[in-house]
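Residue numbers (my numbering), protein chains in the order written: chain A, 1 to 456; chain B, 1 to 456. C-beta: ideal position from N, C-alpha, C; glycine also. Because the structure is a prediction, the values reported are computed rather than measured. Read through the structure below, which is laid out as structure tokens, and then see the notes.
Here is the structure:
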């Protein structure tokens with residue numbers, strides 16, 4: 001009975017594999033992610049080796065380590081050997097013991113050396129994203145020789161569309177040529193002659209991944225060479241890795257802008273405790289800072305007792321400051337990320353945000369005054385005999401607080417960047433908290449001036 | 001004298017052009033953007049035609065229309081003819097009269113027909129991003145024939161790395177093959193034999209640009225074919241266009257999440273009036289909604305008069321709800337954008353956010369109660385004889401409001417998506433406003449229960 005069941009399992013797996021033979025790796029990954037590791041391993045073991053390696057090269061595969069650990073060591077070793085060097089390094093970077101040592105032992109000596117070299121680079125740098133599987137040829141080769149070489153190594157290279165031409169003696173990078181230029185070029189010409197540009201665009205291994213993305217996007221590259229100070233090519237970062245990086249960075253930035261630590265995993269997969277941890281930290285910091293509002297209000301307790309009418313507008317006025325601040329912060333975070341603004345541009349931005357804040361604050365102030373006047377005159381609510389002065393206080397406070405919000409919101413990303421933090425940490429809640437505390441002080445100060453002698 | 005000056009100008013321009021001959025288009029664009037249109041036109045006119053077309057193909061060129069209008073018509077016509085079809089369509093899509101008609105007249109009849117076909121597709125769709133300059137061959141061709149064809153057309157195609165194999169009679173798409181596979185394949189084999197996958201990944205012209213980006217990223221494509229319902233290839237979208245799109249979409253999403261309309265232009269280049277317009281709209285909507293807080297407080301006026309001590313914690317409690325809501329919104333916006341969550345998953349998220357909110361609210365509640373107790377016992381501030389009940393009110397209200405914030409913040413993107421809006425419109429200020437109004441009602445309701453018979 002057991003045998004028959006097993007047999008049924010085997011033939012089912014075989015049927016699945018048959019369907020997957022011509023499928024895209026991304027689609028196979030999606031199906032494997034829905035199985036447990038043992039089932040997934042059964043499928044993977046039956047895939048052609050090249051396909052299996054493609055599956056493990058795909059960044060969306062949920063538990064590559066567990067599946068590898070569930071495979072027969074010989075099969076796992078073959079797959080590891082066929083994987084792209086950069087993905088292999090990523091795999092071991094994230095891996096925990098026990099499987100780590102056992103899987104490392106399956107690697108060839110060369111693969112181990114390559115991985116060790118890649119793992120030196122800190123996560124998030126060009127060095128940590130690069131792969132060593134690129135095509136390079138000496139400048140003395142002809143176009144035809146280069147094409148012959150590409151045909152031979154095609155299967156073992158991450159991309160063959162960018163070819164790096166090296167000085168035959170120093171092995172320094174001289175030029176980058178594209179396959180399209182090569183195949184339409186004169187076969188007898190030197191390989192460097194089909195280069196379109198004087199200087200290949202390169203990046204140092206310690207460059208941030210966002211800088212790599214910026215360069216690939218700016219120069220429309222399919223791959224960028226990572227070089228050392230002497231212009232030796234250490235590896236390349238390809239455009240598909242950059243797209244994955246951009247998606248990851250965007251997610252992190254949105255999470256941070258929402259006022260939390262960025263999740264490393266999809267919302268659907270992260271554990272409850274981890275989720276709490278990522279959210280509780282910033283929530284507590286913001287809460288402790290916001291406690292200053294209670295202190296500020298305690299300071300104005302006498303005024304509050306005398307003019308309870310003022311409390312009615314506290315949330316309205318404070319939130320307006322936070323909203324204008326959040327707008328300004330979102331603008332500046334992106335402008336800094338895109339390189340449209342530099343740190344030294346802060347005063348230019350300040351000079352722009354002050355009139356913007358005054359105009360927006362004036363606009364809201366007029367609405368606010370009108371609201372109070374209409375409610376009063378229509379008899380909806382009685383703001384007391386001095387309602388005109390109360391309206392004036394609200395209007396003036398709105399101008400001041402919206403201006404302050406725009407200014408504070410736009411300066412916060414600069415300040416964070418200056419202090420060495422990520423400007424994207426200037427979250428909307430962070431700005432709102434900053435503006436709330438100062439907003440209260442501004443509101444009561446305006447009230448003291450306008451209402452002194454009447455309500456206060 | 002005039003002549004000599006002109007001569008100096010000419011020789012200076014010639015020297016500049018000499019330097020630019022081997023430069024990357026992106027770097028030339030950067031330099032041109034710092035000149036006025038007449039100066040830029042002078043440089044462009046001296047560049048080799050291919051280079052000039054590359055410059056106009058670059059999306060960062062600030063004022064392509066003005067520069068084209070400043071060129072001699074013959075030169076402008078040559079450049080327009082050499083440009084990529086998708087960029088040409090973008091150019092005319094954005095162009096205003098007068099130059100539009102004049103430049104359109106410079107196009108060849110074929111170019112006009114192609115542009116007219118591309119301009120049919122609404123902005124932001126796959127159809128509007130595609131170019132018609134792709135390589136396609138009938139399935140009856142051999143690998144060698146295909147390579148010969150690629151060599152001939154290389155200069156006039158946006159990419160030659162993806163080749164589309166069509167049914168020789170119906171011209172429907174059968175397979176996509178890569179140049180790398182072709183050059184290492186058997187020259188006499190049929191072109192389709194080197195295809196790696198059963199089904200080419202395709203997209204319909206009406207697909208959203210974010211869907212195009214998702215597919216290119218998921219399947220690691222260099223280009224994706226845009227096909228009609230009958231699987232005829234209409235054009236392709238290339239990976240470099242997608243990267244530009246992703247950057248644009250991210251900027252728009254951050255702006256929206258910051259609570260404003262997305263800017264179409266860099267912060268540094270947008271006009272003052274346009275900037276006000278983009279910010280004032282949402283600011284006013286949020287302000288009008290937030291006015292409900294004033295109404296809510298008016299409703300609880302009696303309670304406020306009796307227990308001024310309650311007002312001290314209003315900003316603290318309300319902002320905590322807004323912050324937890326902003327966190328939840330940022331999580332869900334990204335999870336929806338990445339396809340990790342579908343509309344039908346809303347209840348799964350709700351079931352997750354409620355315990356998360358309770359835990360986070362409990363955590364903040366404990367801090368809040370401790371704060372009041374410490375201030376009271378240390379004699380920093382006197383919250384009155386019923387300070388313990390006040391502390392209990394604050395603690396319970398925090399639990400309720402943070403839970404409500406997490407729930408509302410996570411459901412808002414779903415609700416917007418359900419109603420056909422962009423879930424990214426669920427901005428942090430939007431959520432904060434939503435939670436502020438309800439937060440006040442929750443706070444006073446809790447107070448009425450806890451403090452009834454003592455303070456209230």
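Tell me residue i's beta-bridge partners as DSSP assigns them.
i: residue 166/B; result: 138/B, 173/B
i: residue 235/B; result: 226/B
i: residue 178/A; result: 162/A
i: residue 143/A; result: DSSP lists no partner for residue 143/A.
i: residue 203/B; result: 226/B
i: residue 125/A; result: 208/A
i: residue 131/A; result: 236/A
i: residue 190/B; result: 142/B
Would you tell me roughly how many angstroms separate the C-alpha atoms of residue i and residue j, rounded to the nearest one?
i: residue 223/B; j: residue 213/B; result: 10 Å
i: residue 397/A; j: residue 390/A; result: 10 Å
i: residue 354/A; j: residue 297/A; result: 27 Å
i: residue 411/B; j: residue 197/A; result: 51 Å
i: residue 16/B; j: residue 52/B; result: 14 Å
i: residue 263/A; j: residue 447/A; result: 43 Å
i: residue 208/A; j: residue 169/B; result: 51 Å
i: residue 200/B; j: residue 358/A; result: 55 Å
i: residue 181/B; j: residue 191/B; result: 10 Å
i: residue 288/B; j: residue 437/B; result: 12 Å
i: residue 173/B; j: residue 193/B; result: 14 Å
i: residue 300/B; j: residue 332/A; result: 39 Å
i: residue 413/A; j: residue 116/B; result: 44 Å
i: residue 402/B; j: residue 324/B; result: 6 Å
i: residue 186/A; j: residue 420/B; result: 55 Å
i: residue 122/A; j: residue 313/A; result: 50 Å
i: residue 57/A; j: residue 156/A; result: 13 Å
i: residue 335/A; j: residue 120/A; result: 32 Å
i: residue 520/B; j: residue 142/B; result: As shown, chain B starts at 1 and ends at 456. That puts residue 520/B outside it, with no answer to give.
i: residue 363/A; j: residue 356/A; result: 11 Å
i: residue 2/B; j: residue 211/A; result: Its pLDDT being 46, under 50, residue 2/B is placed unreliably in this model, and the coordinates cannot settle the point.
i: residue 54/B; j: residue 241/A; result: 25 Å
i: residue 43/A; j: residue 350/B; result: 35 Å
i: residue 384/A; j: residue 456/A; result: 13 Å
i: residue 449/B; j: residue 291/A; result: 24 Å
Measuring alpha carbon to alpha carbon, tell me which residue in the options is nearest residue i.
i: residue 428/B; options: 319/A, 396/A, 407/A; result: 319/A
i: residue 256/B; options: 326/A, 200/A, 411/A, 99/A; result: 326/A
i: residue 161/B; options: 73/B, 451/B, 147/B, 27/B; result: 147/B
i: residue 309/B; options: 157/B, 451/B, 23/B; result: 451/B
i: residue 246/A; options: 417/A, 129/A, 25/A, 229/A; result: 129/A
i: residue 347/B; options: 415/B, 303/B, 14/B, 430/B; result: 415/B
i: residue 159/B; options: 133/B, 276/B, 175/B; result: 133/B
i: residue 189/B; options: 293/B, 86/B, 217/B, 139/B; result: 139/B
i: residue 380/B; options: 295/A, 423/A, 113/A, 343/A; result: 295/A
i: residue 111/A; options: 30/A, 91/A, 49/A, 28/A; result: 91/A
Given a cut-off of 7 Å on the beta-carbon distance, is the pair residue i and residue j in contact?
i: residue 84/A; j: residue 106/A; result: no
i: residue 153/B; j: residue 163/B; result: no
i: residue 316/B; j: residue 280/A; result: no
i: residue 202/B; j: residue 225/B; result: yes
i: residue 237/B; j: residue 321/B; result: no
i: residue 45/B; j: residue 67/B; result: no
i: residue 481/B; j: residue 228/B; result: Here chain B has residues from 1 to 456 only, and residue 481/B is not among them.
i: residue 409/B; j: residue 329/B; result: yes
i: residue 39/B; j: residue 266/A; result: no
i: residue 41/A; j: residue 71/A; result: yes
i: residue 368/B; j: residue 394/B; result: yes
If you measure from the CB of residue i, is any heavy atom of the ligand PLP nearer than 6 Å?
i: residue 453/A; result: In the structure shown, the ligand PLP is absent, as is every other ligand, since no ligand is present at all.
From which residue to which residue does the alpha helix (DSSP H) around residue i run?
i: residue 40/A; result: 37 to 46
i: residue 418/B; result: 387 to 418
i: residue 267/B; result: Premise fails: residue 267/B is in no alpha helix (DSSP H) and is neither H nor E.
i: residue 21/B; result: Residue 21/B -> no alpha helix (DSSP H), and no H or E assigned at all.
Cβ closer than 7 Å: which chain E residues qualify as neighbours of residue i?
i: residue 314/B; result: Annotation note: the requested chain E is absent from the structure, which comprises protein chains A and B.
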